[in-house]
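Numbering (this note's numbering), first residue to last: 586 to 862.
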């Protein structure tokens with residue numbers, strides 16, 4: 586079995602200009618499939634609130650939710666480096682609360698790193714986590730936990746002033762100790778500039794082709810989430826339609842008495858059957 590990837594492996598991939606692949610997973614079988622496909626990183630994202638739990642945003646997701654799903658994913662992933670999101674308000678109230686939440690994701694959930702959203706205002710938080718031995722991934726640009734503050738899901742960094750701030754935020758987070766940075770929904774030119782300015786890898790989602798790697802929500806990639814397709818998503822399958830068709834076929838066969846057939850049925854030996862009647 587290929588040995589598990591580490592943060593040092595990812596830094597080496599950045600230096601060698603080897604693209605990094607990352608996908609979300611929220612359960613054991615999906616993690617197994619992602620791992621078997623040779624994906625480098627798995628994100629147990631708080632996006633599970635949208636695609637698994639049925640919330641409109643990621644805000645309602647709790648640390649208990651994240652620990653529960655992270656446990657399942659880490660049982661299924663053997664090679665990929667598993668990163669778990671710190672959910673809304675688990676890293677803003679106090680340093681103790683931040684360390685406790687991140688510690689749970691690693692100690693109980695088995696994650697190899699945690700991810701948090703924000704800029705240089707989180708530098709001290711990152712430093713505290715890294716000092717405690719917790720690897721950290723940053724997340725800038727469109728930060729879904731702040732969707733209400735941002736007024737919706739909008740592309741960020743479109744003006745020179747906003748772009749400059751994101752660049753300075755990225756540098757501050759790198760200095761604080763993050764080992765990778767997710768860039769979401771920012772102009773490709775800005776993502777390229779940030780990637781060139783950092784020694785750590787950048788992972789893009791809606792940030793163009795110049796990042797060190799790419800990440801997508803697996804439900805979007807597989808076409809399971811049929812009613813949500815932002816511009817940056819490429820569907821590599823259309824499983825929603827395929828699954829619904831399979832379920833309809835099952836329904837029809839049961840209603841027509843075609844399932845279960847003899848090949849799906851167990852029988853008793855005749856001598857035992859006679860004892861019943």
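Even for Gly, the Cβ is constructed at its ideal location relative to N, Cα and C.
Alpha carbon to alpha carbon, what distance is there between residue j and residue i?
{"i": "residue 708", "j": "residue 668", "result": "19 Å"}
{"i": "residue 606", "j": "residue 622", "result": "10 Å"}
{"i": "residue 666", "j": "residue 697", "result": "6 Å"}
{"i": "residue 828", "j": "residue 643", "result": "26 Å"}
{"i": "residue 796", "j": "residue 705", "result": "20 Å"}
{"i": "residue 720", "j": "residue 757", "result": "16 Å"}
{"i": "residue 528", "j": "residue 688", "result": "This structure cannot speak to residue 528, because the chain is shown only from 586 to 862."}
{"i": "residue 840", "j": "residue 589", "result": "48 Å"}
{"i": "residue 855", "j": "residue 834", "result": "34 Å"}
{"i": "residue 638", "j": "residue 824", "result": "19 Å"}
{"i": "residue 765", "j": "residue 843", "result": "54 Å"}
{"i": "residue 762", "j": "residue 670", "result": "17 Å"}
{"i": "residue 775", "j": "residue 692", "result": "36 Å"}
{"i": "residue 782", "j": "residue 597", "result": "16 Å"}
{"i": "residue 661", "j": "residue 724", "result": "25 Å"}
{"i": "residue 768", "j": "residue 794", "result": "12 Å"}
Taking residue i as part of the beta strand (DSSP E), name the residues at either end of that continuous run.
{"i": "residue 725", "result": "721 to 726"}
{"i": "residue 789", "result": "787 to 790"}
{"i": "residue 606", "result": "605 to 609"}
If residue i and residue j are in contact, beta carbons under 8 Å, what's the gap, nearest whole angstrom?
{"i": "residue 609", "j": "residue 628", "result": "5 Å"}
{"i": "residue 771", "j": "residue 799", "result": "Incorrect: roughly 14 Å between the Cβ atoms, too far for contact."}
{"i": "residue 755", "j": "residue 790", "result": "So it is not a contact: roughly 15 Å between Cβ atoms."}
{"i": "residue 658", "j": "residue 616", "result": "4 Å"}
{"i": "residue 730", "j": "residue 673", "result": "5 Å"}
Run through DSSP, which three-state label would residue i get?
{"i": "residue 765", "result": "strand"}
{"i": "residue 799", "result": "strand"}
{"i": "residue 741", "result": "coil"}
{"i": "residue 613", "result": "helix"}
{"i": "residue 811", "result": "coil"}
{"i": "residue 852", "result": "coil"}
{"i": "residue 751", "result": "helix"}
Where do the N-terminal and C-terminal ends of the alpha helix (DSSP H) with residue i fall, by residue?
{"i": "residue 839", "result": "824 to 840"}
{"i": "residue 857", "result": "855 to 861"}
{"i": "residue 595", "result": "592 to 600"}
{"i": "residue 779", "result": "773 to 782"}
Check the Cβ-Cβ distances between residue i and every residue of chain B, and say whether any is below 8 Å.
{"i": "residue 709", "result": "The structure shown has no chain B; it contains just one protein chain."}
Which full runs of the alpha helix (DSSP H) of 4+ residues lie inside the stretch 623 to 677, going along the chain? 633 to 636 and 648 to 661
With a floor of 4 residues, list each alpha helix (DSSP H) that falls wholly inside the stretch 679 to 729, ordered by position along the chain. 680 to 692 and 708 to 716
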